[in-house]
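See below for the structure under consideration.
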Amino acid sequence: MAKDKIAYVCSNCGQESPKWIGKCPACGQWNTFQEVRIAADTKQKAATTAAASAGHALRKNKTLRLKDISDHDDPRIDMHDEELNRVLGGGLVPGSIVLLGGEPGIGKSTLSLQTMLRLPEKKILYVSGEESAHQLKMRANRIPHEENDRFLILCENSLENIFDHIKDVQPELVIIDSIQTIMTEDVESSAGSIAQVRECASSLLRFAKTSGVPVILIGHITKEGTLAGPKILEHIVDTVIQFEGDQHYMYRILRSMKNRFGSTAELGIYEMQQSGLRQVSNPSELLLTQDHEGLSGVAISSAIEGVRPFLVETQALVSTAAYGTPQRSATGFDQRRLNMLLAVLEKRVGFKLMQKDVFINIAGGLRVTDLATDLSVIAAVLSSNVDTPIESGWCMAGEVGLSGEVRPVNRIEQRIAEAEKLGFSDIIIPKYNLQGFDAKKYHISIHPVRKVEEALRELFG
341 MAKDKIAYVC SNCGQESPKW IGKCPACGQW NTFQEVRIAA DTKQKAATTA
391 AASAGHALRK NKTLRLKDIS DHDDPRIDMH DEELNRVLGG GLVPGSIVLL
441 GGEPGIGKST LSLQTMLRLP EKKILYVSGE ESAHQLKMRA NRIPHEENDR
491 FLILCENSLE NIFDHIKDVQ PELVIIDSIQ TIMTEDVESS AGSIAQVREC
541 ASSLLRFAKT SGVPVILIGH ITKEGTLAGP KILEHIVDTV IQFEGDQHYM
591 YRILRSMKNR FGSTAELGIY EMQQSGLRQV SNPSELLLTQ DHEGLSGVAI
641 SSAIEGVRPF LVETQALVST AAYGTPQRSA TGFDQRRLNM LLAVLEKRVG
691 FKLMQKDVFI NIAGGLRVTD LATDLSVIAA VLSSNVDTPI ESGWCMAGEV
741 GLSGEVRPVN RIEQRIAEAE KLGFSDIIIP KYNLQGFDAK KYHISIHPVR
791 KVEEALRELF G
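See the structure below:
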């Protein structure tokens, strides 16, 4: 009988080594290698367990010429959720494996449960390794849904038992909640360890690819904000979706971090309610407060995330540094980008902010990555610095360069149309964006600028 294999695996990145070493050659971390005992027939057994034990027909692969391969997309599974469909790239692809990550209590299980309850045409197996069937029933009772006889619950932690149930049930969609709680007998370590997560995810990947049944994995987040487990977990899945948001706010953001079947720039917005998560089809109306008239330090920016334009409220507070060393704080905005914009204000515009505290906040708990919000950040900082409010009805979009120029941004027509739809009267845009579209078709007043000084002159006279 073959002996078990002893391997050492880095707990930070998943790098393997036949012997223990102090420093990981892949990620450079010290004292991260842990001893793992792997059964001798793990690889052979894992390769056949997924599809064979599940009872699904194996797909026989063959070599193909590139010109003979069809370029038509496979029919996707409609999740009956516009936000989730957008983030997935148009729906769930058959045979794909999706990883949904997020902080504890953010709503991962709620999102998965309410989405699956609204798919009566599919036989779904929901595998829970964390909650009991009674807990899932109580959560399902809070979510409005019709009776679904094809939605099956399984509370199990053993991967081998899960595949036995899959063989009996023959589901069309499998959800694992969560991958860190599942363990296989082939690896002699506790659930959630690097070896267990890797082997279980690999077996589920083989099952999805050979049977054509899509699998959704729910994963935990570490205190650093990354997905728990080895980095290979993110490499082997087809799509990685991050569910994020502040628990003190009602909004939740569904963001695509990796997608082999669509764009990674898409995001979906939900509102957490007592009865579950509600889709936010028009986030601009919810992200903008209507009572900021007469208040300084507030500027409105026309941003775009993925294919969706929306208006966000940028708040700034500038005050004299009380303890000598000025503070720079940004919530929902890149801290290094804020430091660069403040340096531009100092050098190119002439406003002295060196001895002042500057705080930036994107209202609603949203995290914005669009560079077109640069202009609104500068406007909000200056408005707070001179304690002069920006007139209501003004919004802006523009990237700010190091020399103080306002650089053009993409898809300017959608930004203008969104501002006009929400009743704004004036918008500041980069002058170079005037080329290529007819500004006369809009009823909103368009103010093109080349430099930051011109934008500030338009706002404050």
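Our numbering puts the first residue of the sequence shown at 341, with every later residue one more than the last. Note that the Cβ used here is the ideal one computed from N, Cα and C, for glycine as well. Note that the structure is a prediction, hence the values are computed from the model and not measured.
Proximity of G741 and I768 at Cβ, strictly below 8 Å: The sequence position of residue 741 within the sequence shown is 401, counting from 1. The sequence position of residue 768 within the sequence shown is 428, counting from 1. Contact flag unset, no.
Own chain, CB closer than 7 Å to K791, minus 5 neighbours either side, in chain order: Here residue 791 refers to the residue found at position 451 of the sequence shown. The residues G744, E745, V746, in chain order, have a CB closer than 7 Å to that of K791 in the same chain once the five nearest residues on each side in sequence are set aside.
Rounded C-alpha distance that separates S452 from L492: For the purposes of this step, residue 452 is identified with residue 112 of the sequence shown, where counting begins at 1. For the purposes of this step, residue 492 is identified with residue 152 of the sequence shown, where counting begins at 1. The C-alpha of S452 lies about 13 Å from the C-alpha of L492.
First through last residue of the beta strand (DSSP E) which encompasses C540: As a first step, residue 540 is located in the sequence shown; it is residue number 200 there, counting from the start. Per DSSP, C540 belongs to no beta strand (DSSP E); it is in the alpha helix (DSSP H), 534–551.
Status (buried if at least 16 other CB within 10 Å, exposed otherwise) for C367: Within the sequence shown, the letter at position 27 stands for residue 367. Exposed, since its Cβ has fewer than 16 Cβ neighbours within 10 Å.
Cβ pair count under 8 Å reaching 3, the region 585–605 against the region 550–561: Of all C-beta pairs linking the region 585–605 to the region 550–561, fewer than three are shorter than 8 Å, placing the two stretches out of contact.
Residues of its chain near L439, where Cβ-Cβ distance is below 6 Å and the 5 sequence neighbours each way are ignored: Numbered from 1 along the sequence shown, position 99 holds the residue referred to as residue 439. Cβ within range, chain order: L557, G559, V577, V580.
V658 versus F503: straight-line alpha-carbon distance, rounded: In the sequence shown, residue 658 corresponds to position 318, counting from 1. In the sequence shown, residue 503 corresponds to position 163, counting from 1. For V658 and F503, the distance between alpha carbons rounds to 59 Å.
Residues near Q454 by beta carbon distance below 8 Å, same chain, minus five either side: Here residue 454 refers to the residue found at position 114 when the sequence shown is read from its first residue. Annotation for Q454: I483, H485, G616, L617 place their beta carbon closer than 8 Å to its own, counting only its chain and skipping 5 residues before and after.
Cβ-Cβ separation, V537 to L573 (assumed contact under 8 Å), whole Å: The count along the sequence shown starts at 1 and reaches residue 573 at position 233. The count along the sequence shown starts at 1 and reaches residue 537 at position 197. Between the beta-carbon of L573 and that of V537 there is about 6 Å, and that keeps the pair under the 8 Å contact cut.
Residue nearest to R668 in terms of C-alpha spacing, selected from R648, Q695, I644: On the sequence shown, position 328 is the one that residue 668 refers to. For the residues R648, Q695, I644, the minimum Cα distance to R668 belongs to Q695.
Nearest-angstrom Cα separation, counted from E470 out to L476: To locate residue 476, count along the sequence shown from 1; it is residue 136. To locate residue 470, count along the sequence shown from 1; it is residue 130. The alpha-carbon atoms of L476 and E470 are separated by roughly 10 Å.
G362, buried or exposed, once every other Cβ within 10 Å from all chains shown has been counted against 16: Here the question's residue 362 lines up with position 22 in the sequence shown. By the neighbour-count rule (16 or more Cβ atoms within 10 Å), G362 is not buried but exposed.
Through-space distance from V684 to M523, alpha-carbon basis: Translated into positions along the sequence shown, residue 523 becomes position 183. Translated into positions along the sequence shown, residue 684 becomes position 344. Spanning the two alpha carbons is a distance of roughly 54 Å.
Three-state secondary structure assigned by DSSP to L459: Indexing the sequence shown from 1 puts residue 459 at position 119. Three-state result, L459: coil.
Validate contact between the region 773–788 and the region 673–683 using beta carbons, cut 8 Å, 3 pairs: Fewer than three pairs of CB atoms, one per stretch, sit closer than 8 Å, so the region 773–788 makes no contact with the region 673–683.
C-beta contact flag for R490 and K463 at 8 Å: Translated into positions along the sequence shown, residue 490 becomes position 150. Translated into positions along the sequence shown, residue 463 becomes position 123. Going by beta carbons, R490 and K463 fall inside the 8 Å limit.
Residue range of the unbroken beta strand (DSSP E) whose run includes M597: On the sequence shown, position 257 is the one that residue 597 refers to. Run containing M597: 591–599, per the beta strand (DSSP E) assignment.
Cβ neighbours of G637 in the same chain (closer than 7 Å, five flanking residues each side left out): Start at 1 with the first residue of the sequence shown, and residue 637 comes out as number 297. Counting only Cβ-Cβ distances below 7 Å, and skipping sequence neighbours, we find Q655, A656, L657, A720, S723, S724.
Pair within 8 Å by beta-carbon distance, V427 and A535: Working through the sequence shown from its first residue, we reach residue 427 at position 87. Working through the sequence shown from its first residue, we reach residue 535 at position 195. Against a cut-off of 8 Å, the Cβ pair of A535 and V427 comes out as no contact.
Spatial neighbours of E753 in its chain, beta-carbon cut-off 7 Å, leaving aside the 5 residues before and after: Stepping through the sequence shown from its first residue, residue 753 is reached at position 413. Hits under 7 Å: F777.
Closest residue to T604 among R416, D411, G430, A347 (Cα-Cα distance): For this step, residue 604 is matched to residue 264 along the sequence shown. Closest by alpha carbon: G430.
Residue nearest to R755 in terms of C-alpha spacing, selected from V652, Q619, S530, R797: Sequence index remark: in the sequence shown, residue 755 carries index 415 (1-based). Out of V652, Q619, S530, R797, V652 has the C-alpha closest to the C-alpha of R755.
Three-way DSSP call (helix, strand, coil) for L617 in this model: Counting from one through the sequence shown, the residue named residue 617 turns up at place 277. L617: strand per DSSP, three-state reduction.
Helix, strand or coil at A712 [DSSP, three-state]: As a working note, residue 712 is residue 372 in the sequence shown. When DSSP states are grouped into helix, strand and coil, A712 belongs to the helix group.
Between the CA atoms of A541 and S518 - distance to the nearest angstrom: Here residue 518 refers to the residue found at position 178 when the sequence shown is read from its first residue. Here residue 541 refers to the residue found at position 201 when the sequence shown is read from its first residue. Each residue's Cα considered, the two are about 11 Å apart.
Start and end residues, beta strand (DSSP E) containing P345: As a first step, residue 345 is located in the sequence shown; it is residue number 5 there, counting from the start. In the sequence under discussion, the amino acid at residue 345 is Lys, which differs from the Pro named in the question. Looking at the DSSP string, the run of the beta strand (DSSP E) that includes K345 is 345–350.
Between the CA atoms of N679 and P666 - distance to the nearest angstrom: Taking the first residue of the sequence shown as 1, we reach residue 666 at position 326. Taking the first residue of the sequence shown as 1, we reach residue 679 at position 339. Linking P666 to N679 through their CA atoms gives a straight-line distance of about 12 Å.
L762 in three-state terms, based on DSSP: As a first step, residue 762 must be located in the sequence shown, where it is residue number 422. Coil, per DSSP.
Residue range of the alpha helix (DSSP H) that includes R790: For the purposes of this step, residue 790 is taken as residue 450 along the sequence shown, with counting starting at 1. Following the DSSP letters along the chain, one finds R790 in no alpha helix (DSSP H), marked with neither H nor E.
From T671, G664, D727, N599, residue whose alpha carbon lies closest to that of N697: As a working note, residue 697 is residue 357 in the sequence shown. Per the sequence presented here, residue 697 reads as Asp, with Asn not at that position. Comparing Cα-Cα distances from D697 to each of T671, G664, D727, N599, the minimum goes to G664.
A548 versus G435: straight-line alpha-carbon distance, rounded: Mapped onto the sequence shown, residue 548 falls at position 208. Mapped onto the sequence shown, residue 435 falls at position 95. As the crow flies, the alpha-carbon of A548 is around 5 Å from that of G435.
For H420 and N599, the rounded distance between their alpha carbons: On the sequence shown, position 259 is the one that residue 599 refers to. On the sequence shown, position 80 is the one that residue 420 refers to. Between the alpha carbons of N599 and H420 lies a gap of roughly 19 Å.
A656 - DSSP class collapsed to helix/strand/coil: Reading the sequence shown from its first residue, position 316 is the one you call residue 656. A656: strand per DSSP, three-state reduction.
Where A719 sits in the DSSP three-state scheme: Indexing the sequence shown from 1 puts residue 719 at position 379. Of the three classes helix, strand and coil, the one that applies to A719 here is helix, per DSSP.
Pair within 8 Å by beta-carbon distance, E606 and G646: For the purposes of this step, residue 606 is taken as the residue at position 266 of the sequence shown. For the purposes of this step, residue 646 is taken as the residue at position 306 of the sequence shown. Yes. Within cutoff.
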